[in-house]
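Trainee: Numbered by the numbering used here, the letters in the sequence shown go through residues 55 to 464 in order. Glycine residues also receive a C-beta, built at the ideal position from the N, C-alpha and C atoms.
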Amino acid sequence: MTDDRHAWIDASAGVAGDMLLGALVDAGAGLGAIRRDVDAVVPGAVRLSATAVTRAGLHAVHVTVQPMIADAPRRTWSTIRDLLAGAALPERVRDRATAVFARLADAEAQVHGIPAQDVHFHEVGALDSLADVVGVCAALEDLGVATLSASEVAVGAGRVRTAHGDLPVPVPAVAQLARGWRVRSGGTGELATPTGMAVIRALATGCEDLPSMQVEAVGVGAGSRDVPGRANVVRVVLGAGAPAASPDRPADPAVLLEANVDDLDPRLWPEVLSGLLRCGAADAWLVPIIMKKGRPAHTLSVLCRPEQTEVLRERILRDTSTLGVREGAMRKYATPRAFVDVAVSGATVAIKVGHHRGVIAQVMPEFDDVAALARRLGRPERQVLAEATAAAAAAGLIVGATLPANARPA
């Protein structure tokens, strides 16, 4: 199975966790792989089965989650996060499932006006919803899905009975999760559940009509109700290859300056690189090479904005022994970055977060902060780095989670 597939979710008739799971099973995901990962999180707690059904005359697959224990506990976001962290799951399954629940926790926190850590899930914390979320993430992994996008979502209309009482549709959590996404009513009743909406908002990189792709598989997942004249289904279309770079990640012009140097005292290189960075270079690095006549040397590479070319070229000629500098025009694609502060051993360490469309893509403690704190505490840098990484995860700074509101631009 390749690992570069794109999945497009057609939620134009609504979306729920079990419907998505059924669609992925219909598209070819193995029920055995799904059962294995669900059982890793809640061992022996649920039984999964898939059945071919029709909805308004259309074929679909309905996945049933049968709880095997009575009175399953209400779970907090912290409890669910710990369950996922401690389970023997593939890394991407764990990261995706954690991101979905993190998105749910953020929405519920907004609805109830409490910190996300204090959120108690009701329907979402039940065994069937845990199985739906982990099952969907396991199915995506089994199908080799690297990227996802989704259509506009039909959320429904009217009112629905929930653990919080009689509520309008879309329910408050779905309304929060829909912020920034294209939605419509699409019919009466609750057509989009918090679990289904959270999967889309946590994992899909964009809201779009069916993108250009070579279609490899189509899956149709059924909801529990069979509504005459209206197919209560979610479709998933799988295609080869990830979509093109999105328009909110434009290319910036850049220049690459390079010089081969074989006669510079190596003790001078650290300050050469530092000086170039102080002069505004976006990056500067060395690559060991072998020059003509077998002489060992280095290639100095400097990446910069076009308007910095002359200043940095002169700096290279001044600080090194090269007799010439070559230049080439480049295009640079940069993921937006931000900093979020976390507490570590009574101090603050900045966590650098790469993000895309409000979703965290990379997380790394700022090493200068780590090194400074390690010196102050008289402890090994590796220990402080490990603590900072753990503190970042505890603060919800994980791949696939929502960028927090307190993030500041890098």
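Sorted by chain position, which residues of the same chain lie with C-beta nearer than 8 Å to E441's C-beta, five sequence neighbours on each side aside?
Mentor: Mapped onto the sequence shown, residue 441 falls at position 387. If we look at E441 and ignore the five residues flanking it on each side, its Cβ neighbours are V398, S399.
Trainee: Measuring alpha carbon to alpha carbon, tell me which of E420, A65, E435 ends up nearest V237.
Mentor: The count along the sequence shown starts at 1 and reaches residue 237 at position 183. Comparing Cα positions, the closest option is A65.
Trainee: What's the gap between the Cα of L197 and the Cα of A94?
Mentor: Position 143 of the sequence shown, counted from the start, is the residue given in the question as residue 197. Position 40 of the sequence shown, counted from the start, is the residue given in the question as residue 94. Cα-Cα distance, rounded: 19 Å.
Trainee: What do you reckon, are the CB atoms on L78 and L257 nearer than 9 Å?
Mentor: Here the question's residue 78 lines up with position 24 in the sequence shown. Here the question's residue 257 lines up with position 203 in the sequence shown. Contact check for L78 against L257 fails: the beta carbons are separated by 9 Å or more.
Trainee: Per DSSP, which one or two residues make a beta bridge with A114?
Mentor: Taking the first residue of the sequence shown as 1, we reach residue 114 at position 60. Answer is V107, bridged to A114.
Trainee: Rounded to the nearest angstrom, what separates V178 and V438 at their Cα positions?
Mentor: Position 124 of the sequence shown, counted from the start, is the residue given in the question as residue 178. Position 384 of the sequence shown, counted from the start, is the residue given in the question as residue 438. Low per-residue confidence applies at V178: pLDDT is 47, beneath 50, and the placement is therefore not dependable, though the value from the model is reported in the following sentence. Answer to the nearest angstrom: the Cα atoms are 36 Å apart.
Trainee: Which value, in whole angstroms, describes the spacing of the CA atoms of S183 and L74?
Mentor: Walking along the sequence shown from the start, residue 183 turns up at place 129. Walking along the sequence shown from the start, residue 74 turns up at place 20. The alpha-carbon atoms of S183 and L74 are separated by roughly 12 Å.
Trainee: Looking only at its own chain, which residues have a Cβ that is under 7 Å from the Cβ of G234, when we skip the five neighbours before and after it?
Mentor: Taking the sequence shown and counting its residues from 1, the one referred to as residue 234 is at position 180. Excluding residues within five positions, none has a Cβ falling inside 7 Å.
Trainee: Check the DSSP bridge columns for T133 and list the partner residues they point to.
Mentor: Locating residue 133 in the sequence shown gives position 79, where the first residue counts as 1. Looking at the DSSP assignment, T133 forms no beta bridge with any residue, so it has no partner.
Trainee: Identify which residue in I452, D72, T363, A446 has its Cα closest to the Cα of L181.
Mentor: Within the sequence shown, the letter at position 127 stands for residue 181. Looking at the Cα atoms, D72 is the closest of the given residues.
Trainee: Using the rule of at least 16 other Cβ atoms within 10 Å of the residue's Cβ for burial, across every protein chain shown, is D302 buried or exposed?
Mentor: Within the sequence shown, residue 302 is the residue found at index 248, counting from 1. In this prediction, D302 scores a pLDDT of 46, lower than 50, which makes its location untrustworthy; the coordinate-derived value is nonetheless stated afterwards. Exposed: under 16 other Cβ atoms inside 10 Å.
Trainee: CB-CB under 7 Å to L85, same chain, minus the five flanking residues each way: which ones, in chain order?
Mentor: If you number the sequence shown from 1, residue 85 lands on position 31. Here the set comprises V79, L102, A104.
Trainee: Near L354, which residues of its chain fall below 7 Å by C-beta distance, leaving aside the five closest residues on each side in sequence?
Mentor: Within the sequence shown, the letter at position 300 stands for residue 354. Excluding sequence neighbours, L354 sits near E312, A313, V315, L340, I370, T374.
Trainee: With the cut-off set at 9 Å, would you say I414 and G454 are in Cβ contact?
Mentor: The residue you call residue 414 lines up with position 360 of the sequence shown. The residue you call residue 454 lines up with position 400 of the sequence shown. Cβ distance < 9 Å, so I414 and G454 count as in contact.
Trainee: Suppose the cutoff is 6 Å on Cβ atoms and the five residues either side in sequence are ignored; what does the same chain contact list for V147 look like?
Mentor: For the purposes of this step, residue 147 is identified with residue 93 of the sequence shown, where counting begins at 1. Closer than 6 Å at Cβ, skipping near neighbours: D91, C191, A192, E195.
Trainee: For my contact list, L158 and A285 are in at a C-beta cut-off of 8 Å; report their separation, rounded to the angstrom.
Mentor: Indexing the sequence shown from 1 puts residue 158 at position 104. Indexing the sequence shown from 1 puts residue 285 at position 231. That pair is no contact at about 27 Å.
Trainee: Since I believe P360 is in contact with V394 (beta carbons under 8 Å), could you give me their beta-carbon distance rounded to a whole number of angstroms?
Mentor: Here residue 394 refers to the residue found at position 340 when the sequence shown is read from its first residue. Here residue 360 refers to the residue found at position 306 when the sequence shown is read from its first residue. Actually they are not in contact, since the Cβ atoms of V394 and P360 sit about 32 Å apart, beyond 8 Å.
Trainee: Between G450 and A156, what straight-line distance do the alpha-carbon atoms span, to the nearest angstrom?
Mentor: Here residue 450 refers to the residue found at position 396 of the sequence shown. Here residue 156 refers to the residue found at position 102 of the sequence shown. Answer to the nearest angstrom: the Cα atoms are 7 Å apart.
Trainee: Is C358 helix, strand or coil by DSSP?
Mentor: Within the sequence shown, numbered from 1, the residue matching residue 358 stands at position 304. It is a strand residue.
Trainee: Decide if P307 is buried, meaning its Cβ has at least 16 other Cβ atoms within 10 Å, or exposed.
Mentor: Working through the sequence shown from its first residue, we reach residue 307 at position 253. Exposed.
Trainee: Closest to M418 by CA distance: which of A392, P434, G412, R429 is it?
Mentor: Within the sequence shown, the letter at position 364 stands for residue 418. The shortest C-alpha separation from M418 is found at A392.
Trainee: When burial is assigned at 16 or more other CB atoms within 10 Å of the CB, is E23 buried or exposed?
Mentor: Outside the shown range of the chain, which is 55 to 464, sits residue 23, and nothing can be said about it.
Trainee: Using only alpha-carbon positions, find the residue among A81, Q120, A110, H116 that is nearest to A99.
Mentor: As a first step, residue 99 must be located in the sequence shown, where it is residue number 45. Between A99 and the set A81, Q120, A110, H116, the nearest pair of CA atoms involves Q120.
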